[in-house]
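Under this note's numbering, the very last position in the sequence shown is 1367; numbers go up by exactly one each time.
We put the CB at the ideal spot given by N, CA and C, even for glycine.
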Amino acid sequence: MTSDPMTSDPMTSDPVVPQSLPGIGGTALGVALIRALESTRPDRLFDDPYARHFIRAADKHASPWGAGGSPAVEQFLSMMADQVAVRTLYLDRALLDAARQGCGQVVLVACGMDARAYRLPWPPGTALFELDLAHVLDFKNAVLDRLGATATCHRVGVATDLRQDWLPALAASGFDPDRPTAWLAEGILYALSSDAAGTLLDRITIASALGSVLALDHAEDSELLRAARAAISAELVELWQGGPVARLDGWLAARGWRPDVTDIAQAAAACGRPTPSAFDPNRPDAGRAWLATARLGGTR
Ligand SMILES: C[S@@+](CC[C@H](N)C(=O)[O-])C[C@H]1O[C@@H](n2cnc3c(N)ncnc32)[C@H](O)[C@@H]1O
């Protein structure tokens, strides 16, 4: 790690009482740490001024990401940083394009510390729903409230466990399945079994009006990534369940989505970034990773 996301802070805030974010929820801090570091780069692909505050609020004794400095964490981050940076920019663009083309609702599935409700210029009237576990949303809201942050859309948090049927909770929060929606499934498919990933896509499809857009990323596990995670914690090894086993284009098309899938190496090259080592097709111990957008029915 070459820079400290806690310094050069352009936003003022009081120190918050450190909180822990156990289990799968803690992975959201790993992503926030990468976004905080990316935001300090002169050649950054995006600026997320909120990410560093989530890291600062995390209990560094309870989270490897809060500490942000162990050699094992640095090794893992060096493998993942460009994947997260490139996917963030790609998905920012995909969601904004969809919103500008008529998706007045946005749903961030497993939102974690995603600050798009605050940092992107949404068209007026956009409603944005954030789905995640209750304790993750509580942590996030505490940090944002402390900052006095103002969303650039109508933001609604929906505390839910994605392993259950979350559609009633989403509808009760004001979501309208008859309006086209821009969905985001970022950093979540890998943490689901193949069946659970299929169920997630089925529920998204059921709740999608024609013209809805789904943006997502997916990453294969590999010998390289497993070893890097094992050096941090056994829990982190177990959290990776693999997600869809089918090719993403076929997986999406089978449910009526018209997919456009890009390999992360190609997307990184388009941003002037190297292929992330964990997804380098020239390494036998690495896997592959993809970015995708898909539209339900209609023309692209
Ligand atoms: C790696 S983080 C990605 C967060 C965010 N999408 C991003 O890219 O910044 C994974 C997120 O999935 C959430 N998650 C995992 N399993 C979940 C479940 N069963 N129900 C709700 N959220 C879940 C975690 O709480 C965490 O916030």
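- Within the same chain, T1272, L1363, G1364 come within 8 Å of G1323 by CB-CB distance, once the 5 residues on both sides are set aside.
- C1338 counts as exposed, since fewer than 16 other beta carbons sit within 10 angstroms of its beta carbon.
- Ranked by Cα distance from D1327, the options V1304, L1303, E1305, W1357 are led by W1357.
- If you draw a 10 Å sphere on the C-beta of V1140, you find 16 or more other C-beta atoms in it, and that means buried.
- In the structure shown, Q1231 adopts coil according to DSSP, grouped into three states.
- Placement of the Cβ of V1203 at a distance of less than 6 Å from at least one heavy atom of ligand 1 is found.
- Ranked by how close their Cα comes to the Cα of A1336, the residues D1149, A1294, D1212, D1269 have D1149 in first place.
- Within the same chain, and ignoring the five residues on either side of R1183 in sequence, no residue has its Cβ closer than 6 Å to its Cβ.
- Secondary structure at D1110: coil, using DSSP grouped into helix, strand and coil.
- The Cβ atoms of A1252 and L1292 lie no closer than 7 Å to each other.
- DSSP, read as helix, strand or coil, puts R1270 in helix.
- Residues of the same chain with a CB within less than 7 Å of the CB of R1222, apart from the 5 flanking positions on each side, are A1184, L1195, E1197 in chain order.
- Excluding its 5 nearest sequence neighbours in each direction, L1303 has C-beta neighbours in its own chain below 6 Å: R1296, listed in chain order.
- Within the DSSP bridge table, the entry for A1335 names no partner.
- For A1095, the shortest C-beta to heavy atom distance toward ligand 1 is below 6 Å.
- Short note on G1224: C-beta not closer than 6 Å to any heavy atom of ligand 1.
- For D1288, the shortest C-beta to heavy atom distance toward ligand 1 is 6 Å or greater.
- Taking C-beta atoms as the reference points, V1210 and F1121 count as a pair closer than 7 Å.
- Straight across, the Cα-Cα distance linking R1325 with L1187 is about 25 Å.
- With fewer than 16 other Cβ atoms from the protein chains shown falling within 10 Å of its own Cβ, E1305 counts as exposed.
- G1179 has no beta-bridge partner at all, per DSSP.
- Residue burial is scored here from C-beta neighbours: E1290 has fewer than 16 other C-beta atoms within 10 angstroms and is therefore classed as exposed.
- Inclusion of A1258 in the 6 Å shell around ligand 1 follows from its C-beta lying nearer than that to a non-hydrogen atom of the ligand.
- By the neighbour-count criterion, in which 16 or more other beta carbons inside 10 Å mark a residue as buried, D1181 falls on the buried side.
- About 23 Å separates the CB atoms of A1264 and G1224; that is not less than 8 Å, and the two are not in contact.
- CA-CA distance, W1132 to T1342, rounds to 23 Å.
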